[in-house]
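Top line first, the protein sequences correspond to chains S, D and U.
Residue 114 in my numbering is what sits at position 114 of the first sequence, and the numbering runs on without skipping anything.
Residue 29 in my numbering is what sits at position 29 of the second sequence, and the numbering runs on without skipping anything.
Residue 386 in my numbering is what sits at position 386 of the third sequence, and the numbering runs on without skipping anything.
The beta carbon of each residue, even a glycine, is placed where N, CA and C say it ideally should be.
Computed from a predicted structure; not experimentally measured.
Just below is one structure, and these are the notes that go with it.
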Amino acid sequence: MSNPADLLYSSSHEWVKIQGEEAVVGITHFAQESLGDITYVDLPAVGDSVSADSDFGSVESVKAASDLISPVSGEVVAVNEALADAPEKINADAFGDGWLIKVKLSGKPEGLMDAATYEEHCKNEQH
Amino acid sequence: MPFIPHTPDETAEMLSVIGVRTLDDLFADIPQQMRPAHFNLPKGLSEAAVCGYFENLAARNRTEMVSFLGAGFYAHKIPAAVDALSSRSEFYTAYTPYQAECSQGTLQAIFEYQTAVCRLLDMDCANASVYDGGSALFEACMTAVRVSRRKLIVVDECVNPIWRVQLGTYTSDLDVDVRVVPQRNGTSDKQALMAAVTDQCAAVVVQNPNFFGVVDDFSELFAHARSKKALGVISVYPVMQSVLKTPGEMGADIAVAEGQSLGQPLGFGGPYLGIMACRKEHIRQFPGRIAGRTQDLDGKTGYVLTLQAREQHIRRAKATSNICSNQALCALRSLIYLSLMGPQGLAQVAEHNMALARYAVERLTALRGVTLLNTAPYGNEVALRLPIPAEKVVNTLISYNCVPGFPVSRYYNFMDDVLLLACTENNTRQQIGFLAETIGGLL
Amino acid sequence: MKTIFAKSVSGRHAENLVLEPEENAPRTADMLPAELLRKQPPRLPECSELDVVRHFTALSRRNYSVDANFYPLGSCTMKYNPKFTEQVAGLPGFTRLHPMLAQLGRGAACVQGALQVLYDAERWLCELTGMKAFTLQPMAGANGEFTGVKLIAAYHKARGRKRTKMLIPDSAHGTNPASAVLAGFEIVNIESRDGMVDPQALARAIAEHPDDVAGLMMTCPNTLGLMETHLAEIVEELRKVDALLYYDGANMNAIMGKMRVGDVGFDVVHLNVHKTLSTPHGGGGPGAGPVGVSERLVPYLPAPRVERREDDSYRVNFDLPQSIGYIGPFYGSFAVLAKALAYMMRLGGNGLTRASEYAVLNANYLRKRLEDVLDIPFDRICAHEFVASAPEGLRALDIAKGLLDRGIHAPTIYFPLIVKECLMAEPTETESKETLDEYVDALRDIVAEGREHPEKLAAAPQTLPVRRLDETAAARNMILTEDMA
């Protein structure tokens, strides 16, 4: 599955969709595939602040757990509540229904990759 | 060679398959200078000789004494079927049920144990057990620290001092503060506890019945804790829990217990059983193994270890705990015990022992200078004030083949004259009569 | 199979440990106010004794166990558990003893036999490992690790310094980092080279964290089943900065009588008596994890310590001002420790050495015979266990399930993490050559099946009470009790 061109990507496999002052954050298709069937997502609450390169939660599968590293800084304005009962949405649609949080940005995101660079990054990681 | 089946011919053949000459050649990676400086262990003994050694030492212990010693660890009777069933080697020579398909016995037993614990304590979820009551208390506090993201743990001084010392030891290198709220005459200082539970507090920890035997209700304290977003943690005595108000009814977030009283012998200190249960919303932060029910490829019901992403073998440094085993066989024993006792049998034991404790109070407080430490309700254990130091009474009565209880001054200041006395179904009214007469003779 | 709760019949009773209350005896409702009582009795099973016996007998038949099956679970040392040890640990002279009796003045005189068991066990463990003293308190291996790293923390603290880093090789068990974190340490990962701790990587890590390395936790032989060959250099590197060396005793069954960890420079060691000293695993516990220390760590050991007086009597000493405190409530898992001592006495020094020799013989024999069946990444003499990878195109998981269908417990799979499709087998010394040969034949058969009929192997096991279980559904649906269904 290809990585949408309108998103930005972090080296720890989160994606960011910038929408003016806000950004939607999720994990990539590549990330969900390496985790396997996701069984649980731990997310912050609305109103919490997140900062770039710090943990903001975790995703779990049966045999693995992975910290979520925020690609952006700001305040959480929305959380994907549907994931509490249906974490499998991340497996089914990582770039869409499987989004994680929406953040009101406190600064311009830095150090993120475009789709082509990220694809290269994933290739290197598989080796 | 005990327990090694190899014949000399087989050993020779195996060495030649490997391509070495002697057994010691297999240890070539350990150079001579790293070999043992000495290895002065005695020669092996016959099975009979080893058994003889232990029988001789066992005979040097005095187990025929009349005892009223409890203090969190109780001499309850254990139905023979508990030993018979838990001695089945299909249970005790198995290991961790990682291969679920060939471990359904152990896994279903854990699931049933979790169910029994939750029903006894009125909680949503339980884990497969931890080492003992003290480590369970520590793990409960750390769960609260993770859930609340706070560092202050408020502990009632009426919690068993042994478990409080363990808690202090376990947290001493962590960024966690433990604050003890002093007891008053063997009862919890509820006002001080309420005041200590602020919005900085991760958990408030209490015990019921408390160390002094006092039966209490912590509903208000837990409601207050909830209003401050702190967790209510309670340690209970499982046998008494058959009749007492439950952690669930009081609104506790986490309930723990020393499970020794449920079918484990006193056994000079272990192995014991750390029981842990919680409300469903805290389960992701809970430590230890947990069994869950699921289905196989054909839709048949089966059991697996679940929520393993919390555990050390997956999360390593970020695991909820470092524990990797549970006290599986002890948990199995407690499940068998509870299945044999049933709700009625267990409540009958609690009732019987409470009645004996009341008889003991009646007889002992009839002696000059002996009073109850306080007027609070109590279960099968009770604290008495004596007119002379309790340690002296204990020491003297031991020579009369009787252990009258526990002198609490070992752990509490200004309580030299306080004796903690427990009654179980191993005690009789005659024994209590003997106790009263003997103590009476000292006063 | 139905649960014991599903078999419950309202009003049925099994055990009455006490007689019906006498007519004039006070009832619970008379003794305690109603607001302190539970509203409903707990919904525990209501069964006859025979119901309970049948239920648990049936459950026991749904388990593999050492007594019934070859159980080559790597890093777990599933050796035979001699029956006489159960008998000695079950003597009423021990089982009926209240642990606090030892702490009550003359009460200590009433428990001299039990104290001697603990004292003797400590002496045996000291000579076995070359350590100065042992605490028997830790209640399992991970609990021992925790104790050990806390002792390291105490050592540095007593010298007035705060050291925050614990070095851990990437091949370590997950408990090592988890335990070190509980003792307040941050983990520095040391990458292996050729499956061994690389002294250069170690030196680099020490240089990167000047005056901040508290110690190194090693498993030796390591989890790949290889004896660390750079031990002397490692000890030297650590000594330079006064960092301590921790020995994870998971693999102690490979070295008894051949190397004593105290002699070669380890400062602290935990043993898993349920592995090395043949106490039963109990389906996951109880174990015991005694911790041995070198002279410089003795003052920090947990309280109390069992001591022998000049008149040969024993006492428990709580007067240990520098002690880290209580790890367990009393003196350790007494019954488990008694079994370990009984086992050591039965074998003696020579027998313990032989146990390690034959454990290593069995592992190497298996390794050699499996060379043309599985991929063996390290072509050299192994210790008591070895790692293998599933051959190209096959999965370790399927091979494991195929073994279950052939009546053999699977080896440890997918550990250590640094070996792909890993199968880690530890046969132990108590298994015979025929059993090992049967294991080789079974694996050969499974690999052939995996190549010819992969769908058939993927469907294994077929002969057990259940087939492969849906672990994802278990984690998502969370049915953890009968009442969550």
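>> Taking only three categories from DSSP, how would you classify ALA25/U?
In response: coil
>> Output needed for GLU186/U: all residues of its chain with C-beta closer than 6 Å, excluding positions within five of it in sequence on either side, in chain order.
In response: THR164 and LYS165
> Are the stretch 22-33 of chain S and the stretch 68-82 of chain S touching by the rule of at least three beta carbon pairs closer than 8 Å?
Replying inline: yes
>> Below 7 Å on C-beta distance, what does THR187/D contact in chain U?
In response: Those do not exist, as THR187/D stays about 13 Å from chain U at its closest Cβ, beyond 7 Å.
> Taking 9 Å as the CB-CB cut-off, is SER61/S touching chain D?
Replying inline: yes
> Is there at least one Cβ from chain S nearer than 9 Å to GLU471/U's Cβ?
Replying inline: yes
> How about ILE110/D: is its C-beta nearer than 9 Å to some C-beta of chain S?
Replying inline: no
>> On a Cα-Cα basis, can you pick out the residue from SER227/D, ILE388/D and SER399/D that is closest to MET415/D?
In response: ILE388/D
>> Determine, for TYR414/U, whether the minimum Cβ-Cβ distance to residues of chain S falls below 9 Å.
In response: yes
> Taking any Cβ of chain S, which residues in the stretch 79-111 of chain D have a Cβ under 7 Å from it, in chain order?
Replying inline: none
>> List, from N- to C-terminal side, the beta strand (DSSP E) runs of 3 residues or more that fit wholly inside the stretch 373-400 of chain D.
In response: 381-385
>> Please report the straight-line C-alpha distance between VAL53/U and LEU120/D, rounded to a whole angstrom.
In response: 22 Å
>> Looking at the secondary structure, which residues open and close the beta strand (DSSP E) in which ASP248/U lies?
In response: 244-249
> DSSP on GLU22/S, reduced to helix/strand/coil?
Replying inline: strand
> According to the neighbour-count rule (16 or more other Cβ atoms, all chains shown, within 10 Å of its Cβ), is GLU351/D buried or exposed?
Replying inline: buried
> When burial is assigned at 16 or more other CB atoms within 10 Å of the CB, is GLN166/D buried or exposed?
Replying inline: buried
>> Closer than 8 Å between beta carbons: that is the criterion. Which residues of the stretch 311-344 of chain D meet it against chain S?
In response: ILE314, ARG315 and LYS318
> Which residues in chain D sit within 9 Å of ASP132/S, going by Cβ to Cβ distance?
Replying inline: Past the edges of chain S, shown from 1 to 127, lies residue 132/S, and the structure says nothing about it.
> Got a sec? Which residues, its chain only, sit under 6 Å from LEU366/U by beta carbon, not counting five neighbours each side?
Replying inline: PRO427 and LEU436
>> Measuring straight from C-alpha to C-alpha, what distance separates PHE334/U and MET354/D?
In response: 30 Å
> Comparing alpha-carbon positions, which option in ILE323/D, GLY213/D, ALA109/D and SER334/D lies nearest LEU449/D?
Replying inline: Nothing about residue 449/D can be read from this structure; chain D reaches only from 1 to 443.
> Closest Cβ-Cβ distance between ALA89/U and chain S: below 9 Å?
Replying inline: no
> Residues of chain S with a CB under 9 Å from the CB of GLN33/D: which are they?
Replying inline: Those do not exist, as GLN33/D stays about 42 Å from chain S at its closest Cβ, beyond 9 Å.
> What are the complete alpha helix (DSSP H) segments, minimum 4 residues, inside the stretch 68-124 of chain U?
Replying inline: 83-89 and 92-95
> So what's ILE413/U in DSSP terms, helix, strand or just coil?
Replying inline: strand
> Is the beta carbon of GLY105/U sitting closer than 9 Å to the one on ASN61/D?
Replying inline: no
> Looking at chain S, which residues of the stretch 274-305 of chain D have a Cβ within less than 8 Å of any of its Cβ atoms?
Replying inline: ARG284
> Is the stretch 127-146 of chain D close to the stretch 315-332 of chain D, with three or more CB pairs under 8 Å?
Replying inline: yes
> Cβ of ARG468/U less than 9 Å from any chain S Cβ?
Replying inline: no
>> Quick check on ARG164/D: does DSSP put it in helix, strand or coil?
In response: helix
>> Between ALA396/U and chain S, is the shortest Cβ-Cβ distance under 9 Å, so that the two count as touching?
In response: no
> What's the gap between the Cα of MET142/D and the Cα of MET34/D?
Replying inline: 42 Å
> Ordered along the chain, which non-local residues of its own chain (more than five positions away) have a Cβ less than 8 Å from that of ARG12/U?
Replying inline: GLU46, CYS47, SER48 and ASP51
> How close, in whole Å, do the beta carbons of PRO2/D and ARG346/U come, if the pair is a contact with beta carbons under 8 Å?
Replying inline: 6 Å
> Which residues of chain S have a Cβ atom closer than 7 Å to the Cβ of ALA172/U, listed in chain order?
Replying inline: Neighbours of ALA172/U on chain S: none; closest Cβ ~18 Å, over 7 Å.
> Under a Cβ-count criterion, where at least 16 other Cβ atoms within 10 Å of its own Cβ denotes burial, should ALA154/U be classed as buried or exposed?
Replying inline: buried
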